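Below is one structure; the comments refer to it alone.
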Ligand SMILES: *[C@@H]1O[C@H](CO)[C@@H](O)[C@H](O)[C@H]1NC(C)=O
Ligand SMILES: *[C@@H]1O[C@H](CO)[C@@H](O)[C@H](O)[C@H]1NC(C)=O
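Numbering (mature numbering (1 follows the signal peptide of the UniProt record, and there is no 0)), first residue to last: -29 to -1, 1 to 151.
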């Protein structure tokens, strides 16, 4: 009797489980699974998801579309931060921190160069170059953050750009499995 009940309960649980799997599959059958595919490899998965899904186009985007979203977001963010660095630098009186801002301005210039090249590399399928540029964007943002031993006024901006660089690296790896 106990065995019979257990069996029935088990089958019911099993059916529920299978149903859930079907629902999850159906929901991700659109292009949201590309966001999952990419973000499951990110060092900060939750942040990656929130970045990519903040653009409604990510819902129906394939890997190329997601790469475009990440590149545009990174470019806009890097430009805005470069402008912020200029204005913070003008207001700064401490020569050491002023030098930190000057270094950050150079790092951001390089990141912006990479992000200016990125759309063409994506368009022409030069995924290895795109991969390298994504890595540079990530590295320049981290280099800027590392200039400040403490009291970095750019932590949020540097983290966002570093993450976007990482996302570009992950996507370009997937677009070109033979690369890197
Ligand atoms: C990605 O989607 C675009 C349209 O949004 C399409 O032109 C392109 O061929 C797709 N790329 C791949 C690799 O499926
Ligand atoms: C960022 O600035 C670069 C260089 O000035 C420019 O080419 C690019 O279009 C800007 N990016 C965005 C998203 O506005």
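All C-beta atoms in this analysis are idealised placements derived from N, C-alpha and C, irrespective of residue type, glycine included.
All figures in this text were calculated on a predicted structure; none of them were measured in a lab.
State the start and end residues of the unbroken alpha helix (DSSP H) segment that holds residue i.
i: residue 133; result: 126 to 146
i: residue 68; result: 66 to 94
i: residue 47; result: 34 to 62
i: residue 114; result: 98 to 118
i: residue 24; result: 16 to 24
i: residue 7; result: 3 to 10
Verify the contact flag: residue i, CB atom, against every heavy atom of ligand 1, threshold strictly below 7 Å.
i: residue 36; result: yes
i: residue 39; result: no
i: residue 129; result: no
With a threshold of 7 Å, establish whether the CB of residue i neighbours any heavy atom of ligand 2.
i: residue 50; result: yes
i: residue 83; result: yes
i: residue 47; result: yes
Nearest by alpha-carbon distance to residue i: which of the options is it?
i: residue 52; options: 79, 146, 73, 38; result: 79
i: residue 96; options: 127, 110, 39; result: 39
i: residue 113; options: 135, 102, 94; result: 135
Rounded to whole angstroms, what is the Cα-Cα separation between residue i and residue j?
i: residue 47; j: residue 123; result: 21 Å
i: residue 147; j: residue 57; result: 37 Å
i: residue -11; j: residue 7; result: Bear in mind that the predicted position of residue -11 carries a pLDDT of just 47, short of 50, making it too unreliable to give a figure here.
So, under 8 Å CB-CB, residue i and residue j are touching, yes? Tell me the CB distance rounded to an integer number of Å.
i: residue 32; j: residue 142; result: Rounded, the Cβ-Cβ distance is 10 Å, inconsistent with contact.
i: residue 137; j: residue 102; result: Wrong, their Cβ atoms sit about 11 Å apart, outside the cutoff.
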